[in-house]
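Chemist:
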Amino acid sequence: MTRPTVRIKTHPMWRIRLVHDLPRYLLAAVAAAGLAASARIAIAPPRPVAENASSVAPAAPNLAAEGYASLFARRYLTWNAADPQATEKALEGFAGPGMEPDAGLQLPPTGSQAVEWDEVVQQREPAPGQYVYTVAAQTDTAGILYLTVSVVRAANGGIALGGYPALVGAPTARPAQLPQHLREVSEPALATVVERALRNYLAASAAELASDLANGAHVSLPAEPLSLDTVQRLDWSAEGSAVLAVVQAQDSRGVRYTLAYEMDVARDQGRWEISAVQTDPDE
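If you use this note's numbering, the sequence shown corresponds to residues -11 to 271, in order.
And the structure:
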């Protein structure tokens, strides 16, 4: 008969204590980490990462949808009570299932309205494939009206109205924000060149203007010549590479204008030259 044996193993005391106290150490470490994280958030809370506006390309305009909204607004706001069938016929191509042939437009017993001009002044895209345009329309009887028109991409790939239109208020506008804290042009030679170039530019005198233009400069002259009366202000742009000129000029009828021009300037061999006037005709 085999008798059971008992074996006794010895372990260092530090090892026994470590095994015994390990759960307590781990719990204390987790609690300390939690307290540190809470303190970090309280002292310097995380901020949402701002999207770099310069890296986000603006949405390309959808010219087809924009033109569709503009056309609908023009037809919707043009009507003649003496010929309601013409109004309904003009709108029936826009209507769809669940919408009246005249897009819900009911005319009064008398009167008429015509759109003199219209233009899309605001756009938003509440969902992919859906565009909401605000169309400003100058009417001959009600003045300027603002109409929002929803345009969607249909299942077959075409465009369609996304619902009834809405008459709304004008987009928010604020007083003019004129440039502030600009550095005045103090060099007489540059002021002389700018004034002379502007005088010839406004008068549409290409030959005289050419003497102040830099090599390769392209300038598109005004369609209606103007005469320069005075240069009211002449300042450097914020970047320091262009001059901002505020002038008074008048046309052949005697109408006076206060106009502002940005002119790119550069010094070449000690002489100031103009490389652009307000616009780039090549773009």
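Every residue, glycine too, gets a C-beta built ideally from N, C-alpha and C.
Using the DSSP secondary-structure output, state which residues sit across from Asn68 in a beta bridge.
Modeler: Ser100
Chemist: Between the segment 201 to 210 and the segment 258 to 266, do at least 3 Cβ pairs fall closer than 8 Å?
Modeler: yes
Chemist: Within the segment 70 to 96, note down every full alpha helix (DSSP H) run reaching 4 residues or more, in order along the chain.
Modeler: 72 to 79
Chemist: Buried or exposed for Ala161, going by 16 or more other Cβ atoms inside 10 Å?
Modeler: exposed
Chemist: Quick check on Gly228: does DSSP put it in helix, strand or coil?
Modeler: coil
Chemist: Keeping to the same chain, check which residues put their C-beta closer than 7 Å to that of Pro210; ignore five residues upstream and five downstream.
Modeler: Leu190 and Ala192
Chemist: Taking 8 Å as the cut-off, does the segment 147 to 162 touch the segment 219 to 234 (at least 3 CB pairs, one atom from each stretch)?
Modeler: no
Chemist: DSSP on Gly131, reduced to helix/strand/coil?
Modeler: strand
Chemist: Taking the C-alpha atoms as reference points, what is the distance between Tyr119 and Ala91?
Modeler: Distance between the alpha carbons of Tyr119 and Ala91: 18 Å.
Chemist: What beta strand (DSSP E) runs, 3 residues minimum, are completely inside the segment 151 to 182?
Modeler: For the segment 151 to 182, whole beta strand (DSSP E) runs of length 3 or above, ordered along the chain, are 154 to 156.
Chemist: In chain order, what residues of the same chain lie with their CB nearer than 7 Å to the CB of Ala52, ignoring the 5 residues before and after it?
Modeler: Ile147
Chemist: Between the beta-carbon of Trp224 and the beta-carbon of Arg184, is there less than 7 Å?
Modeler: Result no, Cβ atoms of Trp224 and Arg184 do not sit closer than 7 Å.
Chemist: Look at the Cβ atom of Ala237, then the Cβ atom of Leu247, and state whether they are nearer than 7 Å.
Modeler: yes
Chemist: Go ahead and pull the three-state DSSP assignment for Leu186.
Modeler: helix
Chemist: Counting pairs of Cβ atoms below 8 Å between the segment 74 to 92 and the segment 109 to 125, do you hit three or more?
Modeler: In short, these stretches do not touch, since the Cβ pair count stays below three.
Chemist: So, under 8 Å CB-CB, Gly84 and Leu149 are touching, yes? Tell me the CB distance rounded to an integer number of Å.
Modeler: 7 Å
Chemist: Mind checking which residues open and close the alpha helix (DSSP H) that includes Leu197?
Modeler: Ala194 to Ala198
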